[in-house]
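Structure, as structure tokens:
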Amino acid sequence: MSRLHELFARVRVRGRPALMPFLQAGDPDFSVLERLIPALVEAGAEALELGVPFSDPIADGPVLQRASQRALQRGARLADVLEFVSRLRRSVDVPVALLSYANPLFRYGWERFCQDAVAAGVDAVIPADLPADEAGPLVDASRACGLDTVFLVAPTSTDARLRLAAAASTGFLYCVSLTGTTGPRDHLSADARALLRRVRELTDRPAVLGFGIARPEHAVTVADLADGVIVGSALYRVLEEARDPVVTAVEFVRSFAEALRRPVR
Amino acid sequence: MTPTTLPDARGRFGPFGGRYVPETLVPALEELGEAYARFSRDPDFRAELAVLLRDYAGRPTPLYFARRLSDRLGVRVYLKREDLLHTGAHKINNALGQVLLAKRMGKRRVIAETGAGQHGVATATAAAMLGLPCDVYMGREDTERQALNVYRMQLLGARVIPVDGGTRTLKDAINEALRDWVTHVRDTFYVIGSVVGPHPYPQMVRDFQSVIGREARQQVLEREGRLPDAVVACVGGGSNAMGLFSAFVQDPSVRLVGVEAGGLGLHTGQHAASLTAGSPGILHGAYTYLLQDDAGQVLGTHSVSAGLDYPGVGPEHAYLKEVGRAEYVAVTDAEALEAFHLLAELEGILPALEPAHAVAYLPGLARQLRPDAVVVVGLSGRGDKDVDTVRKLEATP
């Protein structure tokens, strides 16, 4: 059984969503991330979403655009990200999903990417701008070497598109909480619970909520419906101001982990 | 509407095109595709657009025989005078079509990206006339080199939003417009200015611009009694070229020539010649030719012409190149500037720097053609917006 399947099997039994921080590969620097990630796992991160930097991140708001830009300026490319994951695998055993825009994957080669990703210890690929109906070559290549694929669904998705994305997703289904780009929000979108409910009705795939989750209480609000929550921009908002990124990130992740562990009233 | 039967139902021109966007936008693109299919066949919609193109935009535009230029080059050169349209460029053909469609679809707001400012001005114009609020995204660098167009858009009631991300030019203006659309997709219509982007935009923009080719084909037949030997147009995203080419694609005797921005020269890497010097990749919703590095990161571009300063190109051009139906070449900034002067001095026409690229390729093309060959050139816009740029460039040694 894959790392992701094991994780979500556990999640379903215990009835509490997995905490899945997003980290931009290459920002902070890989050497910092190599110390930071095991510390986050220690603090309660149960899976990682690792972003591949891209020059034109159209699904991202300003915070993650800046993170991607900094990573690119440091020279971080897809090949470096894969190499980093294989180093990370010496100390970290939680599932790692790569979130990438389509062009770096295409340019690397769909098949070569999937093979190298699996060899590096990547568990899943999440293509940000590749809806399931355009993802044939990536899905075929992933199936051939056992890489999980994760597609996104949004509040605007019709039921037919939810089914399509669910059918193409093997690791989990990435539920976009809001109509918009990534970025911390003051309130959890009113669409989030409605989307999770629709997903629950239409599929038994694990449903992971991302986009706009900025505070522990946002995660707690969906704990009864989501199999996982992804926190990215809010983490980078505090990291941008941090004197010590490891200490800051650990505090941030711990606050989410503790809130999720607290018994629901 | 057009003799071209592509794209297929999935928005593909051969392997090119498609719909590579975040999931949030897919339902909106499906809605747009259905609305466009419905209204483009609707007699009321077509009649209303035809009246606007005639009475408001100033169609048909003349096909002008450029006598002195023809004498100089030894071929018969006709200029399709899109520069004479309201707002000064072909962009108004598409902007009127899309804003009218937005209105019919019940959208309450339009957004657009712009490079040189011509598409932004055209969209702001159409939005003012049809009574819709309009926000235009423009790279910070472009707001500086096309300051007059920024003010024109503001006078027309549009809000111009400078974009500081990435390369601060057209590519990043499109990124930011897409982000706006992802956020406001339910009530906002994104008016894309060229034959780029996800399906159905490349098809829809081509169709709205195909009026250029239909008129030109009929006009050249009336004047010369035969089809032209070649049709030449500049290619940034490629909307004026696609509009012009579409009427001649099925005529194998007509050479289709797209002229890209060679910037400081292809060997310098400082250019915007995606088809001539790029490779296939995925950007702004489509699989097409791109300027990119080995790792699939999209490269910055350079052109003296803000309207050609774009690292991608319409997927139908990628297809026409791949099947060998059209040929694509590049001319440098310096050659385009020379052509700008040539047309001013020989014909009394100041072209925009974008079509000055098409004019710049004419001497090279004329040498490949027999004497008295007939060439139709897309003069996509007028040069008023560029006068200051040219003056500054030539003041510095």
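If you read the protein sequences in the order shown, they are chains A and B.
The opening position of the first sequence corresponds to residue 647 in this note's numbering, with each subsequent residue numbered one higher.
The opening position of the second sequence corresponds to residue 8 in this note's numbering, with each subsequent residue numbered one higher.
We treat Cβ as the ideally placed atom computed from N, Cα and C, and that holds for glycine.
As the structure is a prediction and not an experimental result, all values here were calculated from the model.
C-alpha of P287/B to C-alpha of R662/A: approximately 44 angstroms in a straight line. Secondary structure note for Y63/B: it is in no alpha helix (DSSP H), with a DSSP letter that is neither H nor E. Within the same chain, G81 come within 6 angstroms of P378/B by CB-CB distance, once the 5 residues on both sides are set aside. Scanning the region 162-230 of chain B for uninterrupted beta strand (DSSP E) segments of 3 residues or longer gives 166-170, 195-198, listed from N- to C-terminal end. Chain order gives the chain B residues near Q711/A as G172, where near means a beta carbon separation below 8 angstroms. The alpha-carbon of L13/B is positioned some 10 angstroms away from that of P209/B. Counting only runs of 3 or more residues that sit fully inside the region 767-795 of chain A, the beta strand (DSSP E) segments are 770-773, in chain order.
For T195/B, the closest Cβ of chain A is not nearer than 8 angstroms. Closer than 8 angstroms to the CB of P750/A there is at least one CB belonging to chain B. Proximity of chain A to Y43/B at the Cβ level (cut-off 8 angstroms) is not reached, the minimal Cβ distance being about 18 angstroms. S815/A sits in coil when the DSSP states are folded into three classes, being neither helix nor strand. The DSSP-derived three-state label of S746/A is strand.
The beta carbon of L653/A is closer than 7 angstroms to those of A664, E692, A693, P741 in its chain, skipping five residues each way along the sequence. With three or more CB-CB distances shorter than 8 angstroms, the region 669-677 of chain A counts as touching the region 709-722 of chain A. Setting aside the 5 residues that flank it on each side, A365/B is surrounded in the same chain by V239, A240, C241, V266, V384, G385, each with a C-beta closer than 7 angstroms to its C-beta; the list follows chain order. In terms of beta-carbon proximity, F730/A stays away from the interface with chain B, with every pair separated by 8 angstroms or more. Annotation for T295/B: the continuous beta strand (DSSP E) segment containing it runs 292-297. In this structure H309/B is in contact with G270/B, their Cβ atoms being roughly 4 angstroms apart against a cut-off of 8 angstroms. Boundaries of the beta strand (DSSP E) harbouring T121/B: 116-121, taken from the DSSP string.
Judged by DSSP in its simplified three-state form, E695/A adopts strand. For V189/B, a Cβ of chain A is located within less than 8 angstroms of the residue's own Cβ. Contact between the region 198-215 of chain B and the region 247-254 of chain B is present: 3 or more CB-CB pairs across the two stretches fall below 8 angstroms. Around the Cβ of E183/B, a 10 Å sphere holds 16 or more other Cβ atoms; the residue is buried. In the same chain as Y747/A, and ignoring 5 residues on each side of it, the C-beta atoms closer than 6 angstroms to its own belong to F700, A774, D775, in chain order. Along the length of the region 649-690 of chain A, whole beta strand (DSSP E) runs at least 3 residues long occupy 664-670, reported in chain order. For L80/B, the secondary structure class from DSSP, reduced to helix, strand or coil, is helix. From the beta-carbon of L185/B, the residues of chain A found nearer than 8 angstroms are I704. Separation of P50/B and E695/A (C-alpha to C-alpha, rounded to the nearest whole angstrom) is 51 angstroms. The beta carbons of T825/A and T190/B sit about 6 angstroms from each other, so the pair counts as a contact at 8 angstroms. The beta-carbon of V33/B is placed less than 8 angstroms from the nearest beta-carbon of chain A.
Using a CB distance cut-off of 8 angstroms, D775/A counts as an interface residue toward chain B. Each of G878/A, A872/A, V899/A was checked against the Cα of P708/A, and the nearest Cα belongs to G878/A.
Among the residues of chain A, those whose CB is under 7 angstroms from the CB of I289/B are A748, N749, F752, following chain order.
Closest option to A73/B, judged by alpha-carbon separation, among V382/B, T275/B, A293/B, A102/B: V382/B. Contact between the region 343-357 of chain B and the region 290-299 of chain B is absent: fewer than three C-beta pairs spanning the two stretches fall below 8 angstroms. With respect to the C-alpha of D393/B, the residue from L369/B, A343/B, Y63/B, P34/B having the closest C-alpha is A343/B.
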